[in-house]
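Just below is one structure, and these are the notes that go with it.
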Amino acid sequence: MAEMDNANPTVLAASDLPTRKPLQKRAKASQLGIFASIPRVSPVRDPFTVTPGQLYESDTSDSEEDFELDAEGDNGVEEIDSQEIYDLIAPISDPEHPLSLGELAVVNLPHIYITPGNPISTVLVEITPTITHCSLATVIGLGVRVRLEQALPPRYRVDVRIREGTHSTGDQVNKQLADKERVAAACENESLMSLLRKMLEGCK
Amino acid sequence: MDAKLYLITIDKNPAEAAEIAANVARKIENKETKLLEVVQSLGEPLTDEDRTIRAKAIAYLGAVLNGITGKSVTRQHVSVLAEFLCARLEDEVALKETSLALTALVKTGKVPKEDILKVAETLFKTVDMKKHPQGTRFVVLTLLDRLMADYRPVLKEMGDDFVTGFVSLVALEKDPRNLMIVFSLMRVILVEFDIERHVEALFDGVYCYFPITFRPPPDDPYQITTQQLKDRLRDCLTSTPLFAPHLFPPLIEKLDSTNENVKKDSLQTMVTAAKNFGPLVMRKYYGKIWDSVKYEVLNALPNESDEVMDEALRVVKELGSTLSYGLNGTVPEGSPLAIYVKTVSKECLDSLKEPQTKKAKSAAILLSTVASSSSSAYYGIVVNSVPALMTIYEGAEELVKQKSWMEVILHMLDAGLSVYGTWGDLNPAPVQENPLAKFSERLFEIYSQALMGGSKDDTSKRLIALKGLDKMARMRSFLSEADIGVVVVYLNEVILEENKEDVRKQALDNLLDFSKYRSNLLIEKTFPSLMAALPDEEPKELVVVPYPIILEALAKLSLDRAIFDVLITRLLNKLIVIVRNNAGEQYVQAILATILVVLEKKVAREDVDVPNYYGRLATSILTRTFIVLLSSEAASCFRVMHSNSVLSVTARILNILIRSLSSEEQSLALKELWKLFVSGEPSQVRSAVAGGFRPFQGESASELDSSIIIFAAIFAGLRREVEIPQHKHALPDFFKANVELARSSATSEVRQAHLVITSVLVNKYASISGQVSEVVDGLITGLKSPNQSLETAENNIRLLFWIGKGLVTKGDKSVVKLLPRLVELLNSQQFGSVARRGFAVLFGDNEFINQSNHAVLSRLAKQKAFALSVPEIVEGFKSAQADLKSNYLVALSAILRSVPSEVILPELPELFPLLLQSLDLDEDADVKKATIGTLYVTITESPGAAKEHMKSLITRLLKAASEVSTNPPRVRASALRCLKTFPSVIGNDDVRPYKSLVVRSLVPVLDDPKRAVRKEAVTCRAKWIAIDEPED
Amino acid sequence: MPTLHRLTSLPPLPDRIWQATVHPTLPILALACADKAVHLFSLTTFAPLSTIDGGHKRSVRSVAFKPSTPSAPEIVLATGSFDATAGIWRHDNVNAENSWDGPVKAEGEDDEEEEEDWRFAVVLEGHENEIKGVAWNAGGDKIATCSRDKSVWVWEEMEEDNFETVAVLQEHSADVKAVCWHPEEDLLASASYDDTVRLYREDFDDWTCISILSGHTSTVWSIDFEKPHPSTLHDHSHSGPCTHTHESTTSRLVSASDDTTLRVWHRTSLPATKASRGLTPSIIRGQVLEEEWETQSVLPQVHTRAVYGVSWSGRSGRIASCGGDGKVVVYEEREVEGDVQESTDKPAEAAAEGAEETKEDEKKKVPAKKTEWVVIAELEGAHGVHEINSVTWSRRWDKDGKEGDEILLSAGDDGVVNVYTIE
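Quick note, the sequences are listed as chains A, B and C, same order. Residue 1 is where the first sequence starts when you use the numbering used here, and the numbers rise one by one after that. Residue 205 is where the second sequence starts when you use the numbering used here, and the numbers rise one by one after that. Residue 1237 is where the third sequence starts when you use the numbering used here, and the numbers rise one by one after that.
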């Protein structure tokens, strides 16, 4: 069994990982857990006169409808923020452990910087390897970069870097991660891509 | 000549040959012929030099012997035959037939001892199994099996000869069916025979099959499963302690294998071995086993599934319980158990010094698993590790360490729970005192401090604290009664203060646990504090804990009877208080909704006590919500009782209550309610006749009209056999009155109430079917007449569809005529846009016209209606003008969305073009969403239909996902969800040509203004990108 | 201030375009694409001509046309791919020029028969991993390839379709990003991930590194030599004629780097005598570097991210660059008034390592006219939000272009090629 770089990392509890605070749930009784079983529409609603979004009885409680329409309803714009970037990369699994980069604190919300620009914005993600000589830092950095380049619109430039002073060969790794051509070539290298695919499987 | 006949027919027609032999056997049984004569008649064929003839002769002899019982043969005959057959054993060609014959002979039970010995010896001496096909080997093994079954003592007497003979005979047997016999014979030998001198040989003969890698062939006639073989081999390997020295070393070695199944088999064998070999044997091996098995838990490999770890935990647990055999709660100094628990504690404590690391988490599981193996092991582990654990806590400053430490202790509490049980358990707790109790003070203090003290925003700390306190409170003889009471008080506080959703949820779940074994605490402590927290009037600004959260807690805690009764009285009093304080519609509705929710949960749980709540609840609810409005001097604050949302909840409560009653109880109740709502006479419920509420007589104070909703809900809940009061022909008049009111009522709620009542009447009361068809025909002809105003036309269409609903639900034959006429309405400029919504009524579910409301249901109602209307719609769609086509699509999408997919699938090929075109209905987002929903279901279940339309399906779904202007977020998201399934559901080959189109067109959707849509776009695009990457 | 005017855009390719190159004498544009194929377009009609696919197992990173003279036109294409191989492709029906004005047939007509005219001639194997650049020398008898395996290989075509490796240069300490031949001499340049550019010459069939150009602070992505252009004056821009009187052979090079800057290098010392070159043994590792090149000037700072592509026009002497910030920039060299002095803007760090500056080398330096580079055109969002990987100048072939007109082509991650003119 190949010797693991860091056989015994510190593991964060799942409930400690930063999550998006659910929108202030409208405190109407009918929205809350146990009350959800009561249909929100009156038993004598006239199905012939249709209010948008509630044509069908069960439409309102469509189980797959897990998203919350924020204040502006259908047409408000929700900007991409660092929490969204975090949610994209935290579930990536570590190549060595059955744990995610979020749980291992390799990616952390405060180390994600978005510089909005027009037309091009940049996203900088600083990753913290679990130990200073981790040989897999490049693969992890590559995984983060490939995931973001696939998930973000093309107007974002993705920069992934090892945090200052957290890795013995940080600069060399950073240079590799910044080289778009080597990243593209890596994505065509079969063995590397199968490892990356396994790492990205966690992102459902 | 029987013999000759047999010899001829055996090849061509074995069944007939068997028949001949059976007759001969019968003749011998009834003494018509003698066995000896049969043998003599076989004279020359038996000695013929052509082997095949000899073989057939022996086969005939065997078949005959098989047919006879012991009583028709003498020992002397049998012995002669045995000798003869024994000699034939060398004759390899006839081995199978000879063995068969011998087995039959042995079955007679008449074979003398020395012949049995001879047979066995000759078998071992002459037969070389490797030369024979698996079928012959099987027959020989069956013979041996028969010998072992009937003459075991004789074989035992053979002693070593039998053992060595057997081992060499069966060596290298490969066939699974034969192996099953070999293993069972082997097990008997290992257990009952004297095998001291052959342990090595026997072990090698059995262990060589480990681990089983046999995969049964698909058409395996004998249906032997791998698991059966594995279990039988494992029984063999663990049947004698003599195997122990040979077994454990190789098993331990196998743990280094990279193949998960090999590791699992070895671990499982260790568990069975430990169990069978017992403490005396295991004392020599537990050390080595622990040293290797612990790594399977401490450094579980990333790609290895948890099963290996679970098996490893089972091994260490079995070691614990085997070594505690005979000890009950104590750990004698120096005993193997003492050493075992010391080593386990010491090694686990090494990793537990840093509780927050990955190894610490596995060490905690290891420690607690051994602790849970027996009461003595638990005692040993607690004594050896808990003191050290406590010092680790005292030394841990950072929060992360403390929290992880508390998680480690949760495992120890679980071990305690498994050994000492919870309050509710029936079996007695172990006699001696729980060793952990010594630390209960300090532990209770640590966990309470973590929950209640310090900052409230460290969710994970508080969650661990809640779990710990819950386990402590539930563990028998651990916390004092007072402390348990304190825990309940803490939980009440947590629920009532502002904090994270999952902390409150966990506290509520803990309280629910309490209701099982300390419900008195809930009533004494929790209820008062929750009720007190309920505001007496509608809170103006954002309060620390909004009332819905409290009501939700109350509802969750009040499922069993005692508590629910308390809840009802308290809530109804609170209702009056808040209404007097001019509470708004929302708060009033919430209070009533709490009662409704508990009733619904009780109905779902089929609680038997629901009906008797009618008496208790119905009148008090009616007086508080409806009747109070009738009295003229009712204060204006009660107006709120009349608002739609409150009426909806009141109606639903009464519906649940009435429908749970028997028909007698229902007719009794109806008498009173009829007076109240229909005839307006005084009734027990409302003595004084005041205020005009006679809707059916057309005079009632207008703003009271919508109270008819309550009556509609009650009426819908009646069983079919319940007669409506007054005189017998009242039903037709009542039906006509409702039809009129359903067409003319002012507000839509009142109109809808009457439509529901009409529909219920049509469905349940066959006696009025005459009037019903009259009304239907009248309505349809009315629609044809030009001078009908649009408004009346719309009302008539509504009525038509609601009557249709009643008819379709019971599968009435008049539907055959009615449905096509309803479809025709779609093809009209005037009525099309109204009629198209009607199909949602016909096919959709309605909360008042369904099984729980005793509606008349026909089994295939929907299928019939589908078959009657969908083909019409498809035809009508084709010929309809362009601007009317959308009517058909809206109607179709309503039907498809409420009908099970197996009904849709056969029609899918024709429907697909329509479904695709409904995706272009930009003006109707709901239809688009419904259509996508239907596509999602039907494609997952029968991808075939989608394959022909891939191109247009994909382009339309891409359009629905990316065009923000014409599609609301929920349509965009559902289009993406549907597209996401294509690679897996439809398979790569059909979707590959579209891969680059989809991957490129989804790029802009990654920039969708809505976060949830972006999320779907990311996963959908990832699935399409993954197409064709070779499966690694 | 002249502007970059987008003449047209070619239909998008299915994947990102790494490099665009134009045939020396015919209106053919070749595009190295990440879809593992080379796409060819006509520069007269801007219509697709043909596609060479199936040749490589991974993305094609670089393409180069073999130099050919109008008199003996031949169409030979070299392709370098991430699959560590380079391919040589020949186009057979090399008839009169017009056939290459693009098919006179209607757009939609399939150009099937064009397709199979591309013949796969030979594959050049040897590199351990991805090939990043291919280039033909001026004479057309040698090809240079460079790869991530830090090596630069020089292949010589003995006879048709038979190439031999004449040199394996392991000078760079990291991934070699690009190779480029001097327009006239057999002088080879290579740019690398190790932030340096190196020059090589062949003396007595032994290729040696004759100069190291360091100055950039990050990967050097692309390099291009100045082309000899007709000494007639150009009546461009009002700033007065700019005569480029330099040594007989133009010996300047422009380099584009990840550090967002572009540098023009020039030779500051000629080898003492041609003869002496042979004597100095060049086999020892720290051999004496015979030529010294220094940064002549750093082009004005415009790019905000890595500069991926640079091209030095033979016609106008202008330089164009493109980069990760989605910008295309054109620079022009202008005379600076005032007396002629020593070119003072030789930045200190440009002193070539290793070669100490002897006195008489100093004298060799030819007094240069004082010039400065100016940005004359800049286009932002040339490919929308996408990065741009390659720019190249070309003669204008399409019908509305006048004789001697020039166009600029840019190719980006969006798989699109834009064609610009400068007014």
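Just so it is clear, CB atoms sit at the ideal spot from N, CA and C, and this is done for glycine as well.
Check: Cα separation between Ala711 (chain B) and Arg1101 (chain B)?; Outcome: 40 Å
Check: Please list the terminal residues of the continuous beta strand (DSSP E) segment that includes Leu715 (chain B).; Outcome: Element bounds for Leu715 (chain B): not the beta strand (DSSP E) but the alpha helix (DSSP H), Glu705 to Tyr721.
Check: In terms of residues, what are the limits of the beta strand (DSSP E) holding Pro752 (chain B)?; Outcome: From DSSP, Pro752 (chain B) is part of no beta strand (DSSP E) but of the alpha helix (DSSP H) over Tyr751 to Leu761.
Check: Along chain C, in chain order, which residues have C-beta atoms closer than 8 Å to that of Glu205 (chain A)?; Outcome: Given that chain A is displayed from residue 1 to residue 204, the structure contains no residue 205 (chain A) and the question cannot be resolved.
Check: Output, in chain order, the set of chain A residues within a Cβ distance shorter than 8 Å of Asp1561 (chain C).; Outcome: Ile120
Check: Quick check on the burial criterion: 16 or more other C-beta atoms within 10 angstroms. Buried or exposed for Glu522 (chain B)?; Outcome: buried
Check: With a threshold of 7 Å between beta-carbons, can Asp1232 (chain B) be considered close to chain E, or not?; Outcome: The structure shown contains no chain E; the protein chains it does contain are A, B and C.
Check: Helix, strand or coil for Thr1504 (chain C)? Go by DSSP, reduced to three states.; Outcome: strand
Check: What's the gap between the Cα of Arg1181 (chain B) and the Cα of Glu1127 (chain B)?; Outcome: 21 Å
Check: What runs of the alpha helix (DSSP H), each 4 residues or longer, lie entirely inside the segment 1305 to 1331 of chain C?; Outcome: none
Check: Starting from the C-beta of His1241 (chain C), find all residues in its chain whose C-beta is less than 8 Å away, skip the five residues before and the five after it, and write them out in chain order.; Outcome: Tyr1656, Thr1657, Ile1658 and Glu1659
Check: Roughly how many angstroms lie between the CA atoms of Val518 (chain B) and Val475 (chain B), to the nearest whole one?; Outcome: Note that residue 518 (chain B) is Arg in the sequence shown here, rather than Val. In a straight line, the C-alpha of Arg518 (chain B) is about 7 Å away from that of Val475 (chain B).
Check: DSSP state of Pro18 (chain A), grouped into three classes?; Outcome: coil
Check: How long is the line joining the alpha carbons of Leu265 (chain B) and Val243 (chain B), rounded to whole angstroms?; Outcome: 8 Å
Check: Between Ala1039 (chain B) and Ile1001 (chain B), is the Cβ-Cβ spacing less than 7 Å?; Outcome: yes
Check: Please compile the residues from chain A whose C-beta is within a distance smaller than 8 Å of the C-beta of Gly1617 (chain C).; Outcome: Pro119
Check: If you reduce the DSSP assignment to three classes, tell me which class Lys1378 (chain C) lands in.; Outcome: strand
Check: Could you tell me whether the Cβ of Pro154 (chain A) comes closer than 7 Å to any Cβ of chain C?; Outcome: yes
Check: Please report the residue range of the alpha helix (DSSP H) in which Glu146 (chain A) lies.; Outcome: In the sequence as displayed, the identity of residue 146 (chain A) is Val instead of Glu. Val146 (chain A) -> alpha helix (DSSP H) spans Ala137 to Ala151.
Check: Using a Cβ cut-off of 7 Å, pull out every chain A residue sitting near Val1627 (chain C), in sequence order please.; Outcome: Chain A residues near Val1627 (chain C): none, gap ~17 Å exceeds 7 Å.
Check: If I follow the unbroken beta strand (DSSP E) through Val182 (chain A), where does it start and stop?; Outcome: One point to set straight first is that residue 182 (chain A) is Arg, not Val, in the sequence displayed. Arg182 (chain A) -> not in any beta strand (DSSP E); alpha helix (DSSP H) instead, spanning Lys180 to Ala186.
Check: Closest to Val284 (chain B) by CA distance: which of B:Gly271, B:Asp295, B:Ala263 and B:Glu318 is it?; Outcome: B:Glu318
Check: Assuming contact is defined by CB atoms lying nearer than 7 Å, are Leu761 (chain B) and Asn714 (chain B) in contact in what I supplied?; Outcome: no
Check: Given Ala263 (chain B), which residues of its chain have a CB within under 6 Å of its CB, disregarding the five upstream and five downstream residues?; Outcome: Glu301
Check: Please report how far the alpha carbon of Ala1322 (chain C) lies from the alpha carbon of Ala1268 (chain C), in whole angstroms.; Outcome: 12 Å
Check: Let me check understanding here. Comparing Cα to Cα, which of B:Lys322, B:Pro559, B:Asp365 and B:Asp379 lies closest to Leu345 (chain B)?; Outcome: B:Asp379
Check: Under 9 Å, CB to CB, which of the residues in the segment 541 to 565 of chain B have a partner in chain A?; Outcome: Ser555, Glu558, Gln560, Thr561, Lys562, Lys563, Ala564 and Lys565
Check: Specify, as a first and last residue, the run of the alpha helix (DSSP H) that Pro1117 (chain B) falls within.; Outcome: Leu1112 to Ser1122
Check: Identify the continuous beta strand (DSSP E) that holds Asn480 (chain B) and give its terminal residues.; Outcome: From DSSP, Asn480 (chain B) is part of no beta strand (DSSP E) but of the alpha helix (DSSP H) over Glu464 to Met486.
Check: Identify every residue that forms a DSSP beta bridge with Asn1050 (chain B).; Outcome: B:Ile1053
Check: Within a Cβ cutoff of 7 Å, which residues of the same chain sit near Ile1446 (chain C), ignoring the five residues on either side of it in sequence?; Outcome: Leu1435, Tyr1436, Arg1437, Leu1525, Glu1526 and Glu1527
Check: Rounding to the nearest angstrom, what Cα-Cα distance links Lys1068 (chain B) and Leu673 (chain B) in this structure?; Outcome: 58 Å
Check: Count the other CB atoms within 10 Å of the CB of Lys988 (chain B); is the residue buried (16 or more) or exposed (fewer)?; Outcome: exposed
Check: In three-state terms, what does DSSP make of Asp59 (chain A)?; Outcome: Only weak support exists for where Asp59 (chain A) lies, its pLDDT of 39 falling under 50; the value from the coordinates is given anyway. DSSP places Asp59 (chain A) in helix when its eight states are reduced to three.
Check: If I'm right that Ala278 (chain A) touches His167 (chain A) with Cβ under 8 Å, what's the distance once you round it to whole angstroms?; Outcome: No answer is possible for residue 278 (chain A): it lies beyond the span of chain A, which begins at 1 and ends at 204.
Check: I'd like to know whether the C-beta of Gly1451 (chain C) is nearer than 7 Å to at least one C-beta of chain A.; Outcome: no
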